[in-house]
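Chemist: Before I ask anything, let me first share the structure, which is written out below as structure tokens.
2 protein chains.
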Amino acid sequence: MPMSTTTRNGTTLAAGVLDAVVVGAGLSGLICARTLRRAGLRVGLLEARERLGGRMHRRATAAGIPVDLGGQWVGASHHRLLALLEEFGLRRYPTFYDGDGVFLWNGVPHRAGVEHDFAASLLFFRPAELGLPPAELDAALAVQDRFQQLVAQVPPQAPWATPGAEDLDRTSVAQWLERQGAGELAGYPLAWLTRMGGSGGFESHESSILHLAWTQAVAPQHETPEAWLVEGGVAQVAERLAAELAGLIQLAAPVVSIRQVNGRVAVGCADGSVIEAGTAVVAIPPPLRQAIHYDPALPPQWSGLLQRSPMGSMVKVLALYPRPFWRERGLNGLGIGNLPTLELTVDSSPPGGPGMLAGFIAGERAVRWQGLPERQRRQAVLADLQAWWGPAAAEPLELVLHNWNGEPWSGGAFTSFLTPGAWTSYGRIWQQPHQRVVWAGTEAASRWPGYFEGAIEAGLAAAEQVQTLNGLGGCCAAG
Amino acid sequence: MPMSTTTRNGTTLAAGVLDAVVVGAGLSGLICARTLRRAGLRVGLLEARERLGGRMHRRATAAGIPVDLGGQWVGASHHRLLALLEEFGLRRYPTFYDGDGVFLWNGVPHRAGVEHDFAASLLFFRPAELGLPPAELDAALAVQDRFQQLVAQVPPQAPWATPGAEDLDRTSVAQWLERQGAGELAGYPLAWLTRMGGSGGFESHESSILHLAWTQAVAPQHETPEAWLVEGGVAQVAERLAAELAGLIQLAAPVVSIRQVNGRVAVGCADGSVIEAGTAVVAIPPPLRQAIHYDPALPPQWSGLLQRSPMGSMVKVLALYPRPFWRERGLNGLGIGNLPTLELTVDSSPPGGPGMLAGFIAGERAVRWQGLPERQRRQAVLADLQAWWGPAAAEPLELVLHNWNGEPWSGGAFTSFLTPGAWTSYGRIWQQPHQRVVWAGTEAASRWPGYFEGAIEAGLAAAEQVQTLNGLGGCCAAG
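Each protein sequence line maps, in turn, to chains A and B.
First residue of the first sequence: 202, per our numbering; consecutive thereafter.
First residue of the second sequence: 202, per our numbering; consecutive thereafter.
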């Protein structure tokens, strides 16, 4: 096979031979490529899709309103992402938390204010205001306390070093709750966290209590990960980065093989073209990494880990209304609860723009929902929006339903999780390169994995590793 | 991209356009291709490896003894495989079960005869002869009884229709045992079945009690799946099938994409060549199916299921001795028990040949073992062989250690399993084709999946589906 920097469809990624080829032009890959290029390396970026940005992706609604179909929030402590917004002159506005939200429990709405100290809240609500039966509420808070004690013991980069890690990793979240004697309400906050709380779309029987505790240790809810929104959509960050890398990116170029010979890599694309470079950065979600054939083969430890890293199941919902009508009743649009389809809504109305509620369908709910005929899908979402926000919610100007599970180059959203036992049996290898193949993508981060902030961290870390592997020393502290 | 029946390296798979292209030349793919060809269809077979046979694979030891590195046994009710042996004139001989085996429990050997009625046994041993503490033994048999009652309720083609399926699928095997109050010995038979008993190399926290019950419903241990061995190795079956298909098989041709256009398929290989056909049969293990890009994309239900179908972790051990010395002490070589590395040995000495013990390292034991330096790997195996069969076992003529977890085109052995919740959330689709893409491979079978017999069943079923899709009606009752 010919080695070149030219793909078959004619794009020349760079003059001469590349120092690094980055696989995947999501946020993490873009950051990595930019960092390397700024350090003077010759870089190429291969993207399987016809578009850039991965899970950082926006589109305009029919009415021309730009909306983020993937992640949309910026956290209070997402310093790297905040710095990028600043660099690109993108304006942010605070998520609207004034007034009360609604905790919907078994069909009954419980109105309460937002408690920003997560550990003192019941899923972000002020417990005392919820009007739930005191005994059930106390039981729920007690379970949450025990969980938070566990979270505090998990080392972010080495969850297998948590005291009692093996047993915790063999214990599903559901089983741990069973051991606590947790009833339905007491078990709900953790079940909600598995599906919705940054962990990403799995059910409490699908992963271990160790993994769930790790997700909270590395992405602490009390740091308010949904603090800010970005005017025009956060996905502009990916677009700006891509613009800076114009000419270095090849779209519609799925990578099918990475061969390592003589201290270099040869990256094969689906069209048969081969790109040669000093190092490869694989910046795609863990389950998709299996779609690449590695020669030499990935060690069995890696193969075992990747096979035990499914993506969460997640559908993004955006409902646009003429105005944020819920605010008129002193409500902030924060809805959490055990409805059949939507388990979360958040006000993400742009300043002066239409009213907008973002919502999520996760885990088994998403699987059931995606099996429905299209009309019923819409109806199921509208029914739940109404349950929270009343009859006015039934008539959105526009209802955007984006099923990430149907995107083959994502495989789900918004992050992957590890199945029970995987951390302690296979996990030690999770950040280790495979010779000259380096891993990026948000899942490779040890802080805010599953978030854009983690994608940036992982992209920068990969850039560092590339520099080291190419014998150039560290370069890349700044994004 | 050019459509053709010629791969880039020059092999012409068939004159004219193909009716079907089979991806994967393991037993299932070979059977499917042969069946279609005998029905008059033009067939091509693409294999990623440089060799044929997949998990049906033998090699000669240093002393020239042919040994099966993958599966080796033929079951008493494996009628299709028995018919192939007959067709090819391959000679079989019964597995040696005369005399006593050894159940090794916490370092203590318990000698007992083999009980062929599995449900009345403790893992194939006559319970009364084991000399175990009666209370512990009774508890173990009681748990096993409850499990067998569950097995009897599982419909082989639709485990999600088992009474109480959702709860059973959300309950890990370990959690189910915890609910039974099972102590260590009482829990061991099911833990052993998850790792060794045809289910294939997973731990009791990695899958659900529903899945384990299904594996036993579709591959009943009481039908004696290890009844026969084949002189010269069962893998000769794949070799004979391949010889019949000479000229139609392309080796070293990993498939990277399957595009469906105008009622036909275009199968793309890693070298950029594209093979056109009426139908594609994907005859590879479920997790590896994700390495192919499908256009149109796989439905999200398929993607979710495949991401939740890891391969078991399994290492095959073959220890050759000048003669089957254990028989001289009235022992049959059947060793089962909680040793640190090997949990099973079976006498597989060829008639008149050397003594041979086959053994397995499975699940977490395999993961730990593969992380050891090579010398320690060998020592760990020899230590356990000695624990069972005495000092003479420490000096094999040859010790073959084959780690299937290190084979990228297998991803593990001997079959895939489903993670908790996957059957009821995603499983209904498990045998459904994706338009003109049909699934084969042993995991697609509803009888003896994970065994060669299942591979044949799935290959034949796929051939039927191809005929139907190509508008030719059924053809293919016989193998």
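All C-beta atoms in this analysis are idealised placements derived from N, C-alpha and C, irrespective of residue type, glycine included.
Keep in mind it's a predicted model, so treat the numbers as computed, not measured.
What residues from chain A crowd round B/N604, counting only those whose CB sits closer than 8 Å?
Modeler: Working through the second sequence from its first residue, we reach residue 604 of chain B at position 403. The contacting residues are P501.
Chemist: Rounded to the nearest angstrom, what separates B/E665 and A/K517 at their Cα positions?
Modeler: Locating residue 665 of chain B in the second sequence gives position 464, counting from the first residue. Locating residue 517 of chain A in the first sequence gives position 316, counting from the first residue. Straight-line Cα distance between these residues: approximately 40 Å.
Chemist: State the DSSP-derived secondary structure class of B/N307, mapped to helix, strand or coil.
Modeler: For this step, residue 307 of chain B is matched to residue 106 along the second sequence. Three-state result, B/N307: coil.
Chemist: Taking buried to mean at least 16 other C-beta atoms within 10 Å of its own C-beta, is A/A595 buried or exposed?
Modeler: Translated into the one-based positions of the first sequence, residue 595 of chain A becomes position 394. It is exposed - the Cβ of A/A595 has fewer than 16 other Cβ atoms within 10 Å.
Chemist: According to DSSP, is A/Q533 part of a helix, a strand, or is it coil?
Modeler: Along the first sequence, one-based indexing puts residue 533 of chain A at 332. A small correction: the amino acid at residue 533 of chain A is Asn; Gln does not occupy that position in the sequence shown. Looking at A/N533 - three-state DSSP - the assignment turns out to be strand.
Chemist: Along chain A, which residues have their Cβ under 7 Å away from the Cβ of B/M512?
Modeler: As a position in the second sequence, residue 512 of chain B is number 311, starting the count at 1. The contacting residues are Q508.
Chemist: With H, G and I counted as helix, E and B as strand and the rest as coil, what does DSSP make of B/W274?
Modeler: Your numbering for residue 274 of chain B matches position 73 in the second sequence. DSSP places B/W274 outside both helix and strand once states are collapsed to three, so it counts as coil.
Chemist: In whole angstroms, what is the alpha-carbon distance linking B/V223 and A/Q571?
Modeler: Taking the first residue of the second sequence as position 1, residue 223 of chain B is located at position 22. Taking the first residue of the first sequence as position 1, residue 571 of chain A is located at position 370. Rounded to whole angstroms, B/V223 to A/Q571 spans 30 Å at the Cα level.
Chemist: Using a cut-off of 8 Å between C-beta atoms, extract the partners of B/P267 located in chain A.
Modeler: As a working note, residue 267 of chain B is residue 66 in the second sequence. None at all; the shortest Cβ gap to chain A is about 26 Å.
Chemist: Would you check whether the ligand COA has a heavy atom nearer than 6 Å to the C-beta of A/G254?
Modeler: Only the bare structure without any ligand can be found here, which leaves the ligand COA out of the picture.
Chemist: Please list the terminal residues of the continuous alpha helix (DSSP H) segment that includes A/V344.
Modeler: By one-based count along the first sequence, residue 344 of chain A stands at place 143. Note, A/V344: alpha helix (DSSP H), 335-352.
Chemist: Go through its chain and collect everything with a Cβ distance to A/R465's Cβ below 8 Å, but skip five positions before and after it.
Modeler: Looking up residue 465 of chain A in the first sequence gives position 264. Once the five neighbours on either side are set aside, the close Cβ partners of A/R465 are E477, A478, G479, R637.
Chemist: Curious, which full-length alpha helix (DSSP H) runs of at least 4 residues does the region 513-594 of chain A contain?
Modeler: 564-571, 575-590
Chemist: Answer yes or no: does any C-beta atom of chain A fall closer than 7 Å to that of B/P455?
Modeler: Residue numbering aside, residue 455 of chain B sits at position 254 when the second sequence is read from its first letter. It does: the Cβ of B/P455 has a partner Cβ on chain A nearer than 7 Å.
Chemist: Return no unless some Cβ of chain B is closer than 7 Å to the Cβ of A/A353.
Modeler: Within the first sequence, residue 353 of chain A is the residue found at index 152, counting from 1. Taking CB atoms only, A/A353 has no neighbour in chain B less than 7 Å away.
Chemist: From the DSSP output, in three-state form, read off A/S647 for me.
Modeler: Against the first sequence, residue 647 of chain A aligns to sequence position 446. It is coil, neither helix nor strand.
Chemist: When DSSP labels each residue in this structure, what does B/S504 get in the three-state scheme?
Modeler: Walking along the second sequence from the start, residue 504 of chain B turns up at place 303. It is helical.
Chemist: Which residues mark the beginning and the end of the alpha helix (DSSP H) in which A/Q461 is found?
Modeler: Within the first sequence, residue 461 of chain A is the residue found at index 260, counting from 1. Premise fails: A/Q461 lies in the beta strand (DSSP E), 456-462, not in any alpha helix (DSSP H).
Chemist: Just the Cα atoms here: how many angstroms apart are A/G382 and A/A343?
Modeler: Within the first sequence, the letter at position 181 stands for residue 382 of chain A. Within the first sequence, the letter at position 142 stands for residue 343 of chain A. Roughly 11 Å between the two C-alpha positions.
Chemist: Any beta-carbon of chain A closer than 7 Å to the one on B/V475?
Modeler: Walking along the second sequence from the start, residue 475 of chain B turns up at place 274. Not an interface residue.
Chemist: With a threshold of 7 Å between beta carbons, is B/R371 in contact with chain A?
Modeler: Indexing the second sequence from 1 puts residue 371 of chain B at position 170. Judged by the 7 Å Cβ criterion, B/R371 is in contact with chain A.
Chemist: Taking Cβ positions only, does B/V222 come closer than 7 Å to chain A?
Modeler: Counting from 1 along the second sequence, the entry for residue 222 of chain B is found at position 21. So, not an interface residue.
Chemist: If you measure beta-carbon to beta-carbon, which residues of the region 554-576 of chain B are closer than 9 Å to chain A?
Modeler: G564, E565, A567, V568, R569, Q571, G572
Chemist: So with Cβ pairs under 7 Å, would you call B/P203 a contact of chain A?
Modeler: Locating residue 203 of chain B in the second sequence gives position 2, counting from the first residue. For B/P203, the predicted structure reports a pLDDT of 33, less than 50, and the residue's modelled location is therefore unreliable. The matter cannot be settled from this model.
Chemist: How should B/P523 be labelled, buried or exposed, when 16 other C-beta atoms within 10 angstroms of its C-beta is the threshold for buried?
Modeler: Locating residue 523 of chain B in the second sequence gives position 322, counting from the first residue. Exposed, by the Cβ-count rule.
Chemist: Using a beta-carbon distance cut-off of less than 7 Å, what residues from the region 625-642 of chain B approach chain A?
Modeler: S626, Y627
Chemist: As an exercise, report each continuous beta strand (DSSP E) stretch of at least 3 residues that is fully enclosed by the region 604-662 of chain B, in chain order.
Modeler: The region 604-662 of chain B contains these whole beta strand (DSSP E) runs: 638-640.
Chemist: Given a cut-off of 7 Å on the beta-carbon distance, is the pair A/G255 and A/G227 in contact?
Modeler: Position 54 of the first sequence, counting from 1, holds the residue named residue 255 of chain A. Position 26 of the first sequence, counting from 1, holds the residue named residue 227 of chain A. Result yes, Cβ atoms of A/G255 and A/G227 sit closer than 7 Å.
Chemist: Since A/V419 is in the alpha helix (DSSP H), which residue starts that stretch and which ends it?
Modeler: Counting from 1 along the first sequence, the entry for residue 419 of chain A is found at position 218. Note, A/V419: alpha helix (DSSP H), 410-419.
Chemist: B/H406 touches chain A at which residues, Cβ-Cβ below 7 Å?
Modeler: Mapped onto the second sequence, residue 406 of chain B falls at position 205. Neighbours of B/H406 on chain A, chain order: R371, P621, G622.
Chemist: For a contact meaning CB atoms closer than 7 Å, what does A/Q580 contact in chain B?
Modeler: By one-based count along the first sequence, residue 580 of chain A stands at place 379. Chain B residues near A/Q580: none, gap ~20 Å exceeds 7 Å.
Chemist: For chain A, check one thing: does any of its Cβ atoms lie closer than 7 Å to the Cβ of B/T472?
Modeler: Here residue 472 of chain B is taken as the residue at index 271 of the second sequence, counted from 1. In the sequence under discussion, the amino acid at residue 472 of chain B is Asp, which differs from the Thr named in the question. Yes, B/D472 counts as interfacial toward chain A.
Chemist: For B/L600, which residues in the same chain have their Cβ closer than 6 Å to its Cβ, ignoring the five residues on either side in sequence?
Modeler: Here residue 600 of chain B refers to the residue found at position 399 of the second sequence. Excluding sequence neighbours, B/L600 sits near A520.
Chemist: When you compare each of A/C470, A/A567, A/L442 to A/G230 by their alpha carbons, which one comes out closest?
Modeler: As a first step, residue 230 of chain A is located in the first sequence; it is residue number 29 there, counting from the start. Ranking the options by Cα distance to A/G230, first place goes to A/L442.
Chemist: Run through chain B and tell me which residues come within less than 9 Å of A/L491, C-beta to C-beta.
Modeler: Sequence index remark: in the first sequence, residue 491 of chain A carries index 290 (1-based). In the sequence under discussion, the amino acid at residue 491 of chain A is Gln, which differs from the Leu named in the question. Near A/Q491 (Cβ distances below 9 Å), the residues of chain B are P488, L489, Q491, A492, G612.
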